[in-house]
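Student: Let me begin by handing over the structure; questions about it come next.
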Amino acid sequence: MGTFCPDRASRLVGALTWGAWREHSARTPAAVAVRLGRALACWLLPLLLPALTAADEVPLTLPFCLASAMEHSRELIRSREQIESVRGDRVVVRSRFMPQLDLIANYDASRTDLRGDTDEQLASQLRFTQRLFEFGPDALREIQLRADLRKAVYDYQDKVHEVTARVWELVHLILLQDQQIEARRQLRKSFQDILDRQQARFEERLASEEEKLQAELQVLNEELEINRLTRQQFNNKTELLRLIGQTIGTKISVEGKLAPFTLDQDEAVSIALARDVQISLREELLEEQQRVVAEISWQYAPDISLDAGLEDGRRNVRVSVDKENRTWGLNLGSDFELDDRDPASGLSGDTRWFAQVEARIPIFEGASRIGEEARERAQMRATLVDLRDRREVVEVQVRQAYQAMLEADEEQRIQKKRVTIARRRLEISQVLMDKGQADEAKVESVREQFFRDQASLFRNQETYITRQGNLRQLMGYVE
Numbered sequence: 019m020g021t022f023c024p025d026r027a028s029r030l031v032g033a034l035t036w037g038a039w040r041e042h043s044a045r046t047p048a049a050v051a052v053r054l055g056r057a058l059a060c061w062l063l064p065l066l067l068p069a070l071t072a073a074d075e076v077p078l079t080l081p082f083c084l085a086s087a088m089e090h091s092r093e094l095i096r097s098r099e100q101i102e103s104v105r106g107d108r109v110v111v112r113s114r115f116m117p118q119l120d121l122i123a124n125y126d127a128s129r130t131d132l133r134g135d136t137d138e139q140l141a142s143q144l145r146f147t148q149r150l151f152e153f154g155p156d157a158l159r160e161i162q163l164r165a166d167l168r169k170a171v172y173d174y175q176d177k178v179h180e181v182t183a184r185v186w187e188l189v190h191l192i193l194l195q196d197q198q199i200e201a202r203r204q205l206r207k208s209f210q211d212i213l214d215r216q217q218a219r220f221e222e223r224l225a226s227e228e229e230k231l232q233a234e235l236q237v238l239n240e241e242l243e244i245n246r247l248t249r250q251q252f253n254n255k256t257e258l259l260r261l262i263g264q265t266i267g268t269k270i271s272v273e274g275k276l277a278p279f280t281l282d283q284d285e286a287v288s289i290a291l292a293r294d295v296q297i298s299l300r301e302e303l304l305e306e307q308q309r310v311v312a313e314i315s316w317q318y319a320p321d322i323s324l325d326a327g328l329e330d331g332r333r334n335v336r337v338s339v340d341k342e343n344r345t346w347g348l349n350l351g352s353d354f355e356l357d358d359r360d361p362a363s364g365l366s367g368d369t370r371w372f373a374q375v376e377a378r379i380p381i382f383e384g385a386s387r388i389g390e391e392a393r394e395r396a397q398m399r400a401t402l403v404d405l406r407d408r409r410e411v412v413e414v415q416v417r418q419a420y421q422a423m424l425e426a427d428e429e430q431r432i433q434k435k436r437v438t439i440a441r442r443r444l445e446i447s448q449v450l451m452d453k454g455q456a457d458e459a460k461v462e463s464v465r466e467q468f469f470r471d472q473a474s475l476f477r478n479q480e481t482y483i484t485r486q487g488n489l490r491q492l493m494g495y496v497e
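Just so you know, we're using the numbering used here here: the sequence shown kicks off at 19 and counts up by one.
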């Protein structure tokens, strides 16, 4: 089986991809065919499920559920749409480098004398402007865009880990409950055989009514447990359908087997450190802060503004350098008068140049820039400490979750032996009671112990699946 490994969100910032289904195998034709088959099934099943709802159960597998969740989970769709929204913001921010063309029309009228005569002037022109490039510290709009993009992408990545881990957990809980229901049914059948035997002995006056009723209670107890497990499995199937974006109410069955956790603790820690969303986020925040510190030297650069160009009375072209916040930009502009100039003005056809340069060189501004530099460097060091602390927190959480999973696995292994022993004791006690060699109180005590051990085993099995799901969510790893 392939491995479902969402890439680190830091790699998604540049690409803004949806991808979350990656294979470790080579790009062989067989592997490509498998991926295409899964993708095709993922798109076709939503069209086929309504027709299959009233028919037999639809079989689902873990790989399909994971792929369907990535494509159709509403939570992931909302997160992807948020990324698309930020992409729209990026177009808006980057549009400042696109050419701008405007048509400007002016009408100016003024009264010239008491008779009501007016002096009217009409003018229109085309104006072209374009920002060629920027230099200096990054523009504030770019910084905010990166922050919004980081938040959207990492929120999506975190949601991917949450949804896929929950899908994995639900699939394995359903498989486990299939086994538990089957075990309960087999146990009910054996208790039904005991009830039939006690009923026959009661009719022949070889057993008391109390013994017959106790056998009947055993059967009813198993029926209650089967009913409870069936309801729990129905709830899990309903939640699974919602997470994978399929029609609620569809009759489904899950195919597969319970997967053991084959990674050792150190491998689990390594995977978690490589895929943890908060670690990736803090790494990018550190890079951002390092950029801010590197740009501090620009604060000591002189403030320069430039406006130069040519004009002939009707047309002009200019180059300008201006500063917005802390970022300089080089702009190109041109105006073209659509109305002819008055020949008497003497301006039409005369070409002349103009230039205006202004420079402001800071000599002394107190200690504000020194304080700002100290603040940014302290912030960078704090971000680095936060990153290191997050790595240690993740390692501690993964190791604790791994040990908790091992504990649950050991508990269920021991509990299986206890159930086997308790059931054998119950069978022996039942035979002894039939022979009159054991009293009812002792048999009842053994029976209650068996039921307690069996219920505890089923809880241990569910706990193991849940703890493994929690560990996989911390690791961002689902196979």
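Glycine is no exception: its CB is placed at the ideal position from the N, C-alpha and C atoms.
By a C-beta neighbour count over all protein chains shown, 10 Å radius and 16 as the cutoff for buried, is Glu466 buried or exposed?
Tutor: The residue in question, Glu466, is exposed, as its Cβ has fewer than 16 Cβ neighbours within 10 Å.
Student: At a threshold of 7 Å, does Val461 count as lining the ligand FMN (C-beta to nearest heavy atom)?
Tutor: The ligand FMN is not part of this structure, which contains no ligands at all.
Student: Between the alpha carbons of Pro24 and Arg164, how many angstroms are there, rounded?
Tutor: Interpretation of Pro24 is limited by its pLDDT of 41, a score under 50 that renders its predicted location unreliable; the figure taken from the coordinates is listed afterwards. Distance between the alpha carbons of Pro24 and Arg164: 21 Å.
Student: Quick one: using the 10 Å Cβ neighbour count with 16 as the cut-off for buried, is Ile381 buried or exposed?
Tutor: Ile381 should be labelled exposed.
Student: To the nearest angstrom, report how far apart Arg293 and Met493 are at their CA atoms.
Tutor: Answer to the nearest angstrom: the Cα atoms are 7 Å apart.
Student: By the three-class DSSP mapping on this structure, what secondary structure does Tyr172 have?
Tutor: In this structure, Tyr172 counts as helix in the three-state DSSP scheme.
Student: Would a C-beta distance cut-off of 8 Å place Gln195 and Gln250 closer than the cut-off?
Tutor: In contact: Gln195 and Gln250 (Cβ atoms closer than 8 Å).
Student: Measure the alpha-carbon distance for Arg332 versus Ala141 and round it to whole angstroms.
Tutor: Approximately 11 Å between the Cα atoms of the pair.
Student: For the stretch 135–159, which segments carrying the beta strand (DSSP E) assignment without a break, of at least 3 residues, lie completely within its bounds, in sequence order?
Tutor: Taking only runs of at least 3 residues, the beta strand (DSSP E) segments lying wholly in the stretch 135–159 are 136–153.
Student: Between Leu498 and Ile483, is the Cβ-Cβ spacing less than 8 Å?
Tutor: Here the chain has residues from 19 to 497 only, and residue 498 is not among them.
Student: Using the rule of at least 16 other Cβ atoms within 10 Å of the residue's Cβ for burial, across every protein chain shown, is Phe151 buried or exposed?
Tutor: So Phe151 ends up on the exposed side.
Student: Quick check on the DSSP output: the alpha helix (DSSP H) that includes Arg417 runs from which residue to which?
Tutor: Note, Arg417: alpha helix (DSSP H), Ser386 to Asp452.
Student: In chain order, what residues of the same chain lie with their CB nearer than 6 Å to the CB of Leu119, ignoring the 5 residues before and after it?
Tutor: Taken in chain order, the residues that qualify are Phe146.
Student: Is it right to say Ile122 is buried, meaning 16 or more other beta carbons lie within 10 angstroms of its own, or is it exposed?
Tutor: Label assigned to Ile122: exposed.
Student: Going by alpha carbons, who is nearest to Ile270 out of Gln307, Leu188, Gln216 and Phe220?
Tutor: The shortest C-alpha separation from Ile270 is found at Leu188.
Student: Determine, using beta-carbon pairs with one atom in the stretch 226–236 and one in the stretch 282–290, whether at least three such pairs fall under 8 Å.
Tutor: The answer is no - the stretch 282–290 does not touch the stretch 226–236, with fewer than three Cβ pairs under 8 Å.
Student: Over what stretch of residues does the beta strand (DSSP E) that includes Ser323 continue unbroken?
Tutor: Element bounds for Ser323: Asp321 to Glu329.
Student: With the cut-off set at 8 Å, would you say Gln162 and Phe476 are in Cβ contact?
Tutor: No.
Student: Could you check if Tyr172 is buried or exposed, using at least 16 other CB atoms within 10 Å of its CB as the buried criterion?
Tutor: Buried.
Student: In chain order, which continuous runs of the alpha helix (DSSP H) of length 4 or greater are located wholly inside the stretch 184–262?
Tutor: If we require 4 residues or more, the alpha helix (DSSP H) runs fully inside the stretch 184–262 come out as 227–261.
Student: If you count every other CB in all the chains shown that lies within 10 Å of the CB of Pro320, and 16 or more means buried, which is it?
Tutor: Looking at its Cβ environment, which holds fewer than 16 other Cβ atoms inside 10 Å, Pro320 is exposed.
Student: Is the beta carbon of Asn334 less than 8 Å from the beta carbon of Arg149?
Tutor: It is not a contact, given that the beta carbons lie outside the stated cut-off.
Student: Would you call Asn253 buried or exposed, if buried means 16 or more other Cβ atoms sit within 10 Å of its Cβ?
Tutor: Asn253 comes out exposed.
Student: Determine the contact status of Gln479 and Gln430, defining contact as a CB-CB distance below 8 Å.
Tutor: In this structure, Gln430 lies closer than 8 Å to Gln479 by Cβ.
Student: Touch check for the stretch 298–314 and the stretch 451–466: three-plus C-beta pairs under 8 Å?
Tutor: Touching, no, given that fewer than three Cβ pairs across the two stretches are closer than 8 Å.
Student: On the DSSP letters alone, give me the boundaries of the beta strand (DSSP E) that Asn343 sits inside.
Tutor: Looking at the DSSP string, Asn343 is not in any beta strand (DSSP E), and its letter there is neither H nor E.
Student: Would a C-beta distance cut-off of 8 Å place Glu305 and Ala157 closer than the cut-off?
Tutor: No.
Student: With a CB to CB cut of under 6 Å and the five nearest residues on each side skipped, what residues in its chain are close to Trp371?
Tutor: Leu328, listed in sequence order.
Student: Could you tell me the alpha carbon to alpha carbon distance between Ile266 and Lys255, rounded to whole angstroms?
Tutor: Cα to Cα, the separation comes out at about 9 Å.
Student: In terms of alpha-carbon separation, which member of Arg485, Leu78 and Leu489 lies closest to Glu273?
Tutor: Answer by Cα proximity: Leu78.
Student: Going by DSSP, what residues sit across from Ser128 in a beta bridge?
Tutor: Answer is Asp137.
Student: As a quick exercise: from Gln283, Leu167 and Leu224, pick the residue whose alpha carbon is nearest that of Arg417.
Tutor: Selected option, being the one with the closest Cα: Gln283.
Student: What are the boundary residues of the alpha helix (DSSP H) that Ala377 is part of?
Tutor: Here Ala377 belongs to no alpha helix (DSSP H); instead the beta strand (DSSP E) covers Arg370 to Arg378.
Student: Cα separation between Thr248 and Arg184?
Tutor: Each residue's alpha carbon lies about 20 Å from the other.
Student: Which class does Glu497 belong to by DSSP, given the choice of helix, strand or coil?
Tutor: It is coil, neither helix nor strand.
Student: What number of angstroms, rounded off, separates the C-alpha of Leu405 from the C-alpha of Ile95?
Tutor: Their backbone Cα atoms lie some 29 Å apart in a straight line.
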